[in-house]
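*Asks:*
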Amino acid sequence: TSMRGVMNQSMGRSFSFDGLAELDKMHQETPVHPPTQDEYQVGTDGVTPLPFPCHIMSSTMPRARQTVDWENIPYPVEMMSNLNPLDKGDFTGQELEDIALTHPDWYNELVADPFYTRFPGGECYGDLTSRLESIVVDIEQQVGPVLVVSHVSVLQVLVAYFRNTPVEDCTGIALPLNTVLKFTPAKGGGWQESQHRILTSPSTSECDLQSYDCLSVSPYSTPMIRTPVTSQMFPANAGSSKGESSPPEIISPLGDH
């Protein structure tokens, strides 16, 4: 997949991904020395054997760090501020429904153009996409598995890239809860997507991995409905089987976790 990839498609106005080409050139000129098998065998504690090589990239937010802080499998973790969620500036900590009530004019602008509308004192999705350019290069430069632990807004941009869909449409991507999205290089280019549901056992608090359709997963396989104010995405049958008070199994766009 080209570094410019789909992120340089449908880029209207002044937004550009020319920086990816320059970053890619810099990486190509820098010698890459992948870790040896011996370096993969032992965890950060110097004792625990690791089952397989994995390059873990995490945002610097405490909740992301806690997600990858496995005492029994001490993989090294690269903390990267570029993976931090969309900066909501003056609206940090506020829910969209609250913003819609207190700042209706700005909220209407967000609904009309969710990709380029910038949060006051913060970022827009265009800004977020720019700071993820180097992350995409780093991921594609790796020779082994990569695990990215981040937040909804960041994952929406990355998923749009690896699904080969216009990045300007990333704000409409709904992400399933408790699920690992896996992208595997496909023959002839592109990426093959699979989803793996993580189920938590209440008795042991340990996670079991259950695979769902490991060959291919359509991003539209779950029917969605959008609520008009919060712009949250829910399964269309969420209320029928689990009750109206059940939490959604789809993480909403613009609501970072």
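All you need for the working numbering is the position in the sequence shown, starting with 1, plus 85.
Cβ coordinates follow ideal geometry from the N, Cα and C atoms, glycine included.
When the distance is taken between beta carbons, is residue 231 closer than 8 Å to residue 146?
*Replies:* No; because the gap between Cβ atoms is not below 8 Å, this pair is not in contact.
*Asks:* Spatial neighbours of residue 201 within its chain, please: C-beta separation below 6 Å, excluding the five flanking residues on both sides.
*Replies:* Closer than 6 Å at the Cβ level, and outside the excluded window around residue 201, lie 209, 211.
*Asks:* Taking only runs of the alpha helix (DSSP H) that begin and end inside the segment 169–253, which ones reach a length of at least 4 residues, in chain order?
*Replies:* Within the segment 169–253, the complete alpha helix (DSSP H) runs of at least 4 residues are 181–187, 189–197, 210–216, 218–226, 237–247.
*Asks:* Just to confirm my understanding: we take residue 268, look at its own chain, exclude 5 residues before and 5 after, and list those with CB closer than 6 Å. What are they?
*Replies:* Taken in chain order, the residues that qualify are 247, 276, 278.
*Asks:* Considering Cα atoms alone, identify which of 253, 154, 159 is closest to residue 197.
*Replies:* The option with the nearest alpha carbon to residue 197 is 253.
*Asks:* In this structure, how does DSSP classify residue 147 when only helix, strand and coil are distinguished?
*Replies:* Helix.
*Asks:* Taking C-beta to C-beta, are residue 204 and residue 174 nearer than 8 Å?
*Replies:* Their beta carbons are under 8 Å apart, which means residue 204 touches residue 174 by this criterion.
*Asks:* Please state whether DSSP places residue 129 in a helix, a strand or coil.
*Replies:* Reduced to three states, the DSSP call for residue 129 is coil.
*Asks:* Looking only at its chain, what residues have a beta carbon closer than 8 Å to the beta carbon of residue 129, apart from the 5 residues adjacent to it on each side?
*Replies:* Cβ neighbours of residue 129 beyond the five flanking positions: 159, 160, 161.
*Asks:* Within the continuous beta strand (DSSP E) that includes residue 266, where are the two ends?
*Replies:* Here the beta strand (DSSP E) through residue 266 covers 264–270.
*Asks:* My guess is that residue 217 and residue 241 are in contact by the Cβ rule of under 8 Å, so how many angstroms apart are they, rounded?
*Replies:* So it is not a contact: roughly 10 Å between Cβ atoms.
*Asks:* How far does the beta strand (DSSP E) with residue 163 in it extend, from its first residue to its last?
*Replies:* Start and end: 162–164.
*Asks:* Which whole-angstrom value is the C-beta distance of residue 164 and residue 148, which I expect to be below 8 Å?
*Replies:* Contact doesn't hold; Cβ gap of about 13 Å is too wide.
*Asks:* Taking 6 Å as the limit between beta carbons, can you name the residues of its chain near residue 167, skipping five residues before and five after?
*Replies:* Within the same chain, residue 167 has close Cβ partners 216, 220.
*Asks:* Using a Cβ-Cβ cut-off of 6 Å (strictly less than) and excluding sequence neighbours within five positions of residue 195, which residues of its own chain qualify?
*Replies:* Contacts found: 202.
*Asks:* With a 10 Å radius around its C-beta and 16 neighbouring C-beta atoms as the bar for buried, classify residue 234 as buried or exposed.
*Replies:* Residue 234 should be labelled buried.
*Asks:* Of all the options 183, 169, 213, which has the alpha carbon lying nearest to the alpha carbon of residue 144?
*Replies:* Cα-wise, what sits closest to residue 144 is 169.
*Asks:* Roughly how many whole angstroms lie between the Cα atoms of residue 187 and residue 237?
*Replies:* Each residue's alpha carbon lies about 24 Å from the other.
*Asks:* Can you give the Cα-Cα distance for residue 177 and residue 154, rounded to whole angstroms?
*Replies:* Looking at the two C-alpha atoms, the distance is approximately 26 Å.
*Asks:* Buried or exposed: which applies to residue 192, given that a residue is buried once 16 or more other Cβ atoms fall within 10 Å of its Cβ?
*Replies:* By the neighbour-count rule (16 or more Cβ atoms within 10 Å), residue 192 is buried.
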